[in-house]
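Q: If you read the sequence shown in UniProt numbering, its first letter stands for residue 1, the second for the next number, and so on. A single structure is presented below for examination.
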Amino acid sequence: MTKYQVRSRELIDIVNEIKNKRLIMSPYFQRNLVWRQLHKVDFIKTILLGFPFPQIFIARGSIDLETMSTTSCIVDGQQRMNAIHEYLKNSFKVDNRFFSDLDPKEKEAFLKYQIPIIDLDIDNEDPEIIEIFQRLNRTFYALSGIEKLSTEYAASEFMLLAKFLTKEFKLNNTEEEDYLPLQIDPNIPNSFIEWASDKKIKFIDKLLIDEGIFTTYELTRQVHLTFTLNLMSTYISDFYNRNDFINRHLEEFAETFPRKDEVFEILEHASNKYIKLKLKKKSYWYNKANAFSIMCLFTKNWEQIKYLDEKEIKQKLEAFEQQVPPDYQIAAKEGVNNKQERLVRNKHLVTLILGE
């Protein structure tokens, strides 16, 4: 049984621990930041009004006997601490005032706010910490399906490849901004870290993140990770219903994914070809269902696709868009993740682009 201690601490003490890197705000098992501006503003108002909010759970970590210090991590409360961090940086206003606009007494009251803390007597790398995280989120916040899979199959090489391709984890403890240190999942095999260290992603992350296929909110909820897992699964198998093959491959390739080099290369090549089409930002072909079908067409038929002229492909796609066949139109709008709809879209694109 995990021991824990309930106490309260001043907000300034927690902030200073994050600044001094004694408290990790973004450990490997955490979800992406999903709070929108209105959530952050409402939360900061809670503090300014002196109202209480739910406890923040912190794993105290093991003791470094040489430095006689510990490095703790936030198990639950990342969104709240990030909102505090951003408000102190004057990243947003509350009631039309930045933190720097508060008078001295208001600033002091904010910094001395008592945060309810539950200190968990557990090592940051103990597998039990993931179980605690999942249970807390089942109780307080709803994890999406992909966030659950991402945590449950964190060490599966099939999942690791998808996360690497979508830049959902980093290979070192560099800082993203100011004092938001990251931590690598200790369950990731060194063999995969060594493999990934030799790879340079150039195109697939640009396609998924910069080309407007996904909204910012969808990116924070890892929708592009599901998209990539489905691309990988479809490439190594065939079309299927919804996300049915993802779990199968996460299980099958939990220890090792022998085709990871092949899949990495094919997705990079296909993404580069896609980008070279130079489609308009709001193009019909950047709709998620259509983008999935284009990527499936490119990856599964790469030996033919790689020799085709990008301008000709673009012209065909734009001409098709002007008079979309009724069955394709429906398949790109309704039940888009069903096997039948995927097959309909693929059949049209194969005929259009490859003339088959």
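The beta-carbon is built from N, C-alpha and C at its ideal position, and this holds for glycine as well.
Give me the DSSP bridge partner(s) of L297.
A: None; L297 has no bridge partner.
Q: Identify every residue that forms a DSSP beta bridge with F57.
A: DSSP output for F57 lists D76, I118 as bridge partner(s).
Q: Are there three or more Cβ pairs, one per stretch, closer than 8 Å when the stretch 203-216 is compared with the stretch 268-285?
A: Touching, yes.
Q: Using the three-state DSSP reduction, which class does Y4 fall into: helix, strand or coil?
A: Note: Y4 maps to strand in three-state DSSP.
Q: Report back the beta-carbon spacing between F292 and F227 to the nearest angstrom; my notes put them in contact at under 8 Å.
A: Yes, they are in contact, since the Cβ atoms of F292 and F227 sit about 7 Å apart, within 8 Å.
Q: So within the stretch 275-354, which uninterrupted alpha helix (DSSP H) runs reach at least 4 residues, ignoring any that extend past its ends?
A: Entirely contained in the stretch 275-354, the alpha helix (DSSP H) runs reaching 4 residues are, in chain order, 288-300, 302-305, 310-322, 326-331, 339-349.
Q: On the three-state DSSP scale, how would you describe I24?
A: DSSP places I24 in strand when its eight states are reduced to three.
Q: Using DSSP with H/G/I as helix, E/B as strand and the rest coil, what is R221?
A: Looking at R221 - three-state DSSP - the assignment turns out to be coil, as it is neither helix nor strand.
Q: How would you write the range of the alpha helix (DSSP H) that L160 sits in, first residue to last?
A: Per DSSP, L160 belongs to the alpha helix (DSSP H) from 157-165.
Q: Can you tell me which of D309, C296, I313 puts its alpha carbon nearest to the alpha carbon of K347?
A: Of the candidates D309, C296, I313, the one whose C-alpha sits nearest the C-alpha of K347 is C296.
Q: Please report the residue range of the alpha helix (DSSP H) in which P104 lies.
A: It spans 104-111 - the alpha helix (DSSP H) in which P104 sits, taken as one unbroken run.
Q: Taking only the alpha-carbon atoms, compute the straight-line gap between L149 and N290 and give it to the nearest angstrom.
A: If you take the alpha carbons of L149 and N290, they lie about 25 Å apart.
Q: One question on the structure: do Y113 and I47 come within less than 8 Å of each other, judged by their Cβ atoms?
A: Cβ atoms of Y113 and I47: closer than 8 Å.
Q: When you compare each of V75, Q37, S233 to V263 by their alpha carbons, which one comes out closest?
A: Closest option to V263, Cα to Cα, is S233.
Q: Roughly how many angstroms separate the alpha carbons of R80 and R22, rounded to a whole number?
A: Taking the straight line from one Cα to the other gives about 18 Å.
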